[in-house]
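Trainee: Before I ask anything, here is the structure I am working with.
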Amino acid sequence: MSMTLLKTGALRSALRASAPTASKRAALTLTTTRGKATLPDLPYDYAALEPTINGKIMELHHSKHHQTYVTSYNTASDKMQEALHNGDVQTQIATLPLLNFHGGGHTNHSLFWENLAPKNQGGGEPPSGALAKSIDDHFGSLEKMKEKFNTALAGIQGSGWAWLVQDSQTGALQIKTYANQDPVVGQFHPVLGIDAWEHAYYLQYENRKAEYFKNIWEVINWKAADKRFT
Amino acid sequence: MAYTLPRLPYSYDALEPHFDKETMEIHHSRHHQTYVNSLNAALEGSELSSLAVDEVITKLDQVPAEKRTAVRNHGGGHSNHSFFWKNLKTGTTLSGDLKAAIENGFGGFENFQQQFEKAATTVFGSGWAWLVKTDGGLKIVTTHNQDSPLMGEAVAGTSGFPIIGLDVWEHAYYLKYRNKRPDYIKAYWEVVNWDEASARFTQSG
Chain V
18 MSMTLLKTGA LRSALRASAP TASKRAALTL TTTRGKATLP DLPYDYAALE
68 PTINGKIMEL HHSKHHQTYV TSYNTASDKM QEALHNGDVQ TQIATLPLLN
118 FHGGGHTNHS LFWENLAPKN QGGGEPPSGA LAKSIDDHFG SLEKMKEKFN
168 TALAGIQGSG WAWLVQDSQT GALQIKTYAN QDPVVGQFHP VLGIDAWEHA
218 YYLQYENRKA EYFKNIWEVI NWKAADKRFT
Chain E
14 MAYTLPRLPY SYDALEPHFD KETMEIHHSR HHQTYVNSLN AALEGSELSS
64 LAVDEVITKL DQVPAEKRTA VRNHGGGHSN HSFFWKNLKT GTTLSGDLKA
114 AIENGFGGFE NFQQQFEKAA TTVFGSGWAW LVKTDGGLKI VTTHNQDSPL
164 MGEAVAGTSG FPIIGLDVWE HAYYLKYRNK RPDYIKAYWE VVNWDEASAR
214 FTQSG
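Line order of the protein sequences matches chains V and E. Converting from the first sequence to my numbering requires adding 17 to each position, the first position being numbered 1. Converting from the second sequence to my numbering requires adding 13 to each position, the first position being numbered 1.
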């Protein structure tokens with residue numbers, strides 16, 4: 018089974034991400050208490066995104082799946098800190114995939130809840146300002162961007178995410194897919210993400226994932242994406 | 014020759030309450046059917062389509078580069094699920110040579126179960142857990158997405174002849190077990206077809 022090896026730079030970012038940091042852009046601040054990652058509260062009720070995503074899915078997704086990533090990330094983080102303290106390189110390396118998976122899961126879902134919103138909180142309202150212009154420049158139009166995004170989502174094999182990302186070097190927008198819970202790190206930073214794991218839609222959409230991908234745009238919170246765009 | 018969805022050797026509710034009827038129906042008639050349809054599309058016009066799917070997936074290097082991923086995913090899906098349906102049956106008992114081989118190879122059946130459960134639980138994302146027969150004896154391995162041990166080490170990261178296998182894609186358990194993959198894995202022991210497994214163990218020489 019293939020593993021994603023994390024470069025040390027990404028490891029340092031991942032560990033830094035567990036503490037709130039000041040930053041030029043409104044970067045994600047993962048919630049923590051006394052150095053431990055915690056499950057962030059949703060800014061809306063579980064049923065608020067109906068009928069697009071039902072309350073049962075939201076409840077399981079947030080209180081079970083995301084919670085498990087948080088708990089497992091804390092366990093892996095403790096293990097890593099101990100191994101770093103002991104100079105135990107083998108354990109450090111063995112723990113990297115767990116940090117990547119669970120830390121990635123925590124990061125991805127924290128971003129996801131922020132970039133969803135009920136319609137009465139702006140869900141589905143198109144982007145404005147610099148992000149809207151950049152989308153038009155790079156993709157031709159918002160609709161064309163969504164088509165490309167949904168094609169990327171449909172092409173994911175197994176579990177993963179599709180992201181609208183911004184290239185830190187050029188400022189350009191791109192659509193990228195990431196396997197499993199691999200986070201958007203390094204050269205790109207996340208602007209908007211959609212979870213394509215089966216748990217994100219299965220109870221409501223079953224195998225009809227194209228329908229889920231089409232519908233979710235009704236509850237996308239472009240205001241959050243605007244803030245992530247520089 | 015087009016690939017076709019194999020019929021289940023039992024009705025959709027035959028594995029209740031362990032594997033629920035709704036999941037079996039969607040899993041077989043929609044997910045597996047989609048792999049079959051997509052495989053047919055990917056191999057349309059190709060000579061490889063005259064081969065059985067278990068053979069096609071060992072010959073991915075002969076597939077044109079632009080079709081290779083599709084054949085890997087959908088051929089793997091068709092192969093894995095065709096195997097999986099036969100791998101399931103209630104009321105069978107592990108016995109004979111396979112039982113001895115498992116007990117010897119893993120230091121007892123309980124140890125084997127624990128190791129298999131751990132492997133199945135810790136697959137990141139979508140994949141499968143397998144007991145395979147290799148030159149070096151029985152091994153527990155895992156594969157990513159729809160990779161099969163039959164594809165070999167270079168492709169799937171592992172190899173071997175599958176004896177039993179468990180689908181841990183979320184679609185295999187979500188409707189009944191939700192996020193509780195470990196509960197689904199425990200239920201697997203009630204429906205694993207040891208008769209089929211023994212036959213495969215003997216057949217593989």
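Don't be surprised by glycine CBs; every beta carbon is placed ideally from N, CA and C.
1) Just the chain V side, please: which residues come within less than 9 Å of E/Leu188 by C-beta, in chain order?
2) Which residue comes first and which comes last in the beta strand (DSSP E) that contains V/Gln191?
3) When you compare the CB of E/Glu183 with every CB in chain V, is at least one pair closer than 8 Å?
4) Inspect the beta-carbon positions of E/Gly98 and V/Glu215 and report whether they are closer than 8 Å.
5) Could you tell me which chain V residues have their CB closer than 7 Å to the CB of E/Asn50, listed as they occur along the chain?
6) Would DSSP call V/Asp212 helix, strand or coil?
7) What three-state label does DSSP hand E/Pro175 in the structure shown?
8) Taking any Cβ of chain E, which residues in the stretch 181–199 of chain V have a Cβ under 9 Å from it, in chain order?
9) Taking 8 Å as the cut-off, decide whether the C-beta atoms of V/Leu133 and V/Pro143 are in contact.
10) Would you identify the three-state DSSP class for E/Val76, choosing helix, strand or coil?
11) Give the secondary structure of E/Gln46 by DSSP, where H, G and I count as helix, E and B as strand, and everything else as coil.
12) Comparing the C-beta of V/His82 with each C-beta of chain E, is any distance below 8 Å?
13) Name the chain E residues that come within less than 8 Å of V/Leu77, Cβ to Cβ?
14) How many Å lie between E/Ser51 and V/Gln138 at the Cα?
15) Under 8 Å between C-beta atoms, does V/Phe6 make it to chain E?
16) Looking at C-alpha atoms only, which residue of V/His206, V/Gly52, V/Ser89, V/His78 is the closest neighbour of E/Thr135?
17) If the cut-off is 8 Å on Cβ atoms, which residues from the stretch 128–147 of chain E count as contacting chain V, listed in chain order?
18) Along chain E, in chain order, which residues have C-beta atoms closer than 7 Å to that of V/Ser176?
19) Name the chain E residues whose beta carbon is nearer than 7 Å to that of V/Phe129?
20) What is the rounded straight-line gap between the Cα of E/Ala27 and the Cα of E/Gly140?
21) I'd like to know whether the C-beta of E/Arg81 is nearer than 8 Å to at least one C-beta of chain V.
22) Should the stretch 82–97 of chain V be called in touch with the stretch 169–176 of chain V, which here means at least 3 C-beta pairs below 8 Å?
23) When you compare only the Cα positions, how much space is there between E/Asn117 and E/Lys102?
24) Which partner residues of V/Gln183 appear in the DSSP bridge assignment?
25) Run down chain E in chain order and give the residues with a C-beta less than 9 Å from the C-beta of V/His216.
26) Please say whether V/Val208 and V/Val236 have beta carbons closer to each other than 8 Å?
27) Return the residue from the list V/Leu148, V/Gly175, V/Leu113 that minimises the CA-CA distance to E/Thr156.
28) Taking 8 Å as the CB-CB cut-off, is V/Phe118 touching chain E?
29) Any heavy atom of the ligand NAD closer than 7 Å to the Cβ of E/Phe129?
30) Do the stretch 163–181 of chain E and the stretch 220–240 of chain V touch if we need at least three Cβ pairs shorter than 8 Å?
31) Along the chain, where does the beta strand (DSSP E) that runs through E/Trp143 open and close?
32) Among V/Ile152, V/Arg225, V/Ala65, whose alpha-carbon lies nearest the alpha-carbon of V/Ile192?
33) Relative to the C-alpha of E/Asp180, which candidate in E/Ala167, E/Val154, E/Val66, E/Val168 has its C-alpha closest?
34) What is the DSSP secondary structure of E/Trp98, reduced to helix, strand or coil?
35) Hey, does E/Asn86 have any beta-carbon neighbour from chain V nearer than 8 Å?
36) Buried or exposed for E/Trp207, please, with buried defined as at least 16 other CB atoms from any protein chain shown within 10 angstroms of its CB.
Mentor: Concretely, from the data shown:
1) Tyr219, Leu220, Glu223
2) 190–196
3) yes
4) The question names Gly, but residue 98 of chain E in the sequence shown is Trp. No. Outside cutoff.
5) Those do not exist, as E/Asn50 stays about 12 Å from chain V at its closest Cβ, beyond 7 Å.
6) strand
7) strand
8) Ala196, Asn197, Gln198
9) no
10) coil
11) helix
12) yes
13) Arg191, Asn192
14) 40 Å
15) Nothing about residue 6 of chain V can be reported from this structure: the residues present for chain V run from 18 to 247 only.
16) V/Ser89
17) Val136, Phe137, Gly138, Ser139, Gly140
18) Gly138, Ser139
19) Neighbours of V/Phe129 on chain E: none; closest Cβ ~16 Å, over 7 Å.
20) 24 Å
21) no
22) no
23) 25 Å
24) V/Leu190, V/His206
25) Glu183, Tyr187, Arg191, Asn192
26) no
27) V/Gly175
28) yes
29) In the structure shown, the ligand NAD is absent, as is every other ligand, since no ligand is present at all.
30) no
31) 140–147
32) V/Ile152
33) E/Val154
34) helix
35) yes
36) buried
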